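Start counting the sequence shown at 27; every next residue gets the next number (our numbering).
The beta-carbon is built from N, C-alpha and C at its ideal position, and this holds for glycine as well.
Fair warning: this is a prediction, and the values are worked out from it, not measured in the lab.
The structure under discussion appears below in the form of structure tokens.
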Amino acid sequence: MNRRRAAALVSLACAGGLVVPAVSGSSPAAAAAACAAQAPLTWEQPKYVDENRAGGEPLVQTHPSGRLMYSSHAGTTHFYSPEAAATGSSAFVENYEGQTYIWTSDDNGVTWDFRDRDGLLAGTGNNLPASGFSDPEFSIDSEGGVYFSEINLANVAVSSSTDKGSTWALQNFFGAVLTDRQWMEADRPGELYFVANALGGGTGTPLSPGTGHFISKSTDGGATFTTNIPNPGGIGDLRVDKRNGTVYEVHYTGGNLSVAAFRNARSGDLTKTDDNIVAEGVRLISSFAAIDLDPSGNVYITWDDLGGDEREAGIYYAYSTDAGKTWSQAYQVDDGSGTAIWPWIGVGDDGRVGIAWLQADTRLPNNNGETVGEHGWRVVGAVTTSGLGCADSRTPVFSRSVATQDPVHRGTICQSGTICQATVTDRRLGDYISLDVDNTGRMYVGYSDTRVDGAVSLPGFVRQAGGPSLVAPKDAGTTPGATTGQPPVAVPPSVVPSAPQLPATGPSGLVPLAGAVLVLGLVAARRRARV
């Protein structure tokens, strides 16, 4: 019996959304010997962060102070021309600044404040207009300094904030030049690591040479960067262990999904020290796989897989307890009932993991998100406190549930990068959703929503209401993890003002579109690098 058939036999789903993940390549008996069941996962009412600005490729982050940060964009490569005449397209035209958008929330997402950065000159406390229309990326250093990067056709701009994202100062308009999707992570104050797919390099000089995937470093908050170091196979989602400075990045080469470690990065050595395989025979659906770390330096990864001889198609999860040197088996987290794509991961305390993804209400042919139809896509989440196993088993148990009861999108989802503009395939969502954990132990998700007719999506937000907490009780006396056998700690249902139901698909009451079709001439020829 091949591994794919074995995995199918051990996928056990229980009432109430509890799931014992399928174990790639293991026996049914091994999967059955799993950790204790988790409390049911529930969600608050989903809502919009903003109904007047576009929400493509949202990126969320929690500041140590507890402030939530959210960014999305109205990139021209996310403009869906068949919907150009709809009133919702005003979310593109009305507030377009040629920049990505930033919001902050100090009440865990009940309300959001838009942070305007449309300054005229560097040094005014804001960014330059037209500095980057897509691909937002946050990072936070060990003292709470916040950094932000965004991509344009010819540059990646880097900005910083000393007041938790309320105001921003441009650090470097040309942090990188002619690149595709950049990822950035901070370590000690002012210390940034940066990876991207370069078409022309970038160290602060527009004409700097270099092509291919690279890694670079800044020690002055993004004002300058070192020379690009080739980093073949990297596909982004950068993380730093702030205890020792080890930098981690997901790599994908020849069907092998791995996590590369740069253990001498603090000294300025940006050559990878090891690159250890998580899973073989992987057929990624997304452009990216997501990783995260816990306070003890355990490493976690999630990815979507088209399936094959090694495993069924679906959302997978694995973990490492030795700083990424070896990895657990791959565990399937979704229930297999519909095509599942774009997982993201957020980790709280040790072993406490949240994952969210987009799932269609049916299995699409070849699990192809570009399949034409009226099928709906929903945000689905899963959470566990046994992400590192438990005293009795290495197999974690997730509590899973649908976060958005109504579809946030219908029909095709582009999986081919910016070429979808030429084929008129719906790219309003971009290439990913994102997830983080707030200071109360609840996970929350930023996603793109197309329920309002229009050529762009709106920024959606949904937060965990109850279920397993991703923050351990402070008086527990032990550190949660694989050997404690500590029972799950439930998050009580949150008490917040009820958010309105998302509107049904149709006119939204936004200001009517005025000349949106003119933006079609702005559509970029650049194609996102694909793995």
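If you draw a straight line from the alpha carbon of residue i to that of residue j, how long is it in whole angstroms?
i, j, result
"S284", "L264", "13 Å"
"W368", "S312", "6 Å"
"G350", "D301", "8 Å"
"E396", "V497", "38 Å"
"S483", "I128", "16 Å"
"L461", "D295", "31 Å"
"G631", "M210", "This structure does not reach residue 631, given that the chain is present from 27 up to 557, and the question cannot be answered."
"H435", "G486", "11 Å"
"N134", "D335", "43 Å"
"P321", "Y274", "15 Å"
"V75", "S98", "10 Å"
"A180", "A117", "25 Å"
Starting from residue i, follow the beta strand (DSSP E) in both directions and report where the run begins and ends.
i, result
"S474", "469-475"
"G372", "366-373"
"L283", "282-288"
"A183", "181-187"
"Q87", "82-88"
"D142", "Here D142 belongs to no beta strand (DSSP E), and DSSP marks it neither H nor E."
"R404", "402-410"
"Q385", "379-386"
What first and last residue would you give for the alpha helix (DSSP H) that runs through residue i?
i, result
"A117", "116-119"
Considering only the alpha carbon of each residue, which of the options lies closest to residue i?
i, options, result
"G280", "V273, E306, V266, G262", "E306"
"R454", "E83, S412, H401, A448", "E83"
"A448", "N181, G374, T102", "T102"
"S91", "T130, V405, R477, F105", "T130"
"Y357", "D330, A63, A291", "D330"
"A110", "D479, P494, N257", "D479"
"Q560", "N223, E163, S244, V136", "Residue 560 is absent from the structure shown; the chain starts at 27 and stops at 557."
"D224", "W194, G259, L332", "The question names Asp, yet the displayed sequence has Ala at residue 224. Of W194, G259, L332, the residue nearest in Cα terms is G259."
"T388", "G372, V405, A366", "A366"
"S187", "D142, D206, R207, L204", "D142"
"G248", "A339, E336, F174, H239", "F174"
"D346", "L319, V405, D361, L332", "Sequence check: residue 346 is Ser here, not Asp. When only C-alpha atoms are compared, the closest one is L319."
"A62", "W194, A481, T421", "T421"
"G443", "A417, S160, D432", "S160"
Does DSSP put residue i in a helix, a strand or coil?
i, result
"T445", "Per the sequence presented here, residue 445 reads as Ile, with Thr not at that position. Here I445 sits in helix by DSSP."
"H277", "strand"
"A112", "coil"
"T397", "coil"
"R391", "Going by the sequence as given, residue 391 is Pro instead of Arg. Three-state result, P391: helix."
"D432", "coil"
"G51", "Confidence at G51 is low in this model, with a pLDDT of 43, below 50, so the placement of that residue should be treated as unreliable; the coordinate-derived value is given next. It is coil, neither helix nor strand."
"R426", "strand"
"S91", "coil"
Kindly identify the DSSP beta-bridge partner or partners of residue i.
i, result
"P485", "S474"
"I327", "I317, A344"
"E163", "S175"
"N223", "D206, H239"
"I303", "S284"
"Q64", "Q64 pairs with nothing; no bridge assigned."
"P255", "What sits at residue 255 in the sequence shown is Ile, not Pro. Answer by DSSP bridge pairing, in chain order: I241."
"H99", "G82"
"V450", "Answer is none; V450 lacks a bridge partner."
"W69", "Q490"
"E211", "Y219"
Against chain B, does residue i count as a neighbour if the rule is that its beta carbon must be under 8 Å from one of theirs?
i, result
"D475", "In the structure shown, chain B does not exist; there is a single protein chain."
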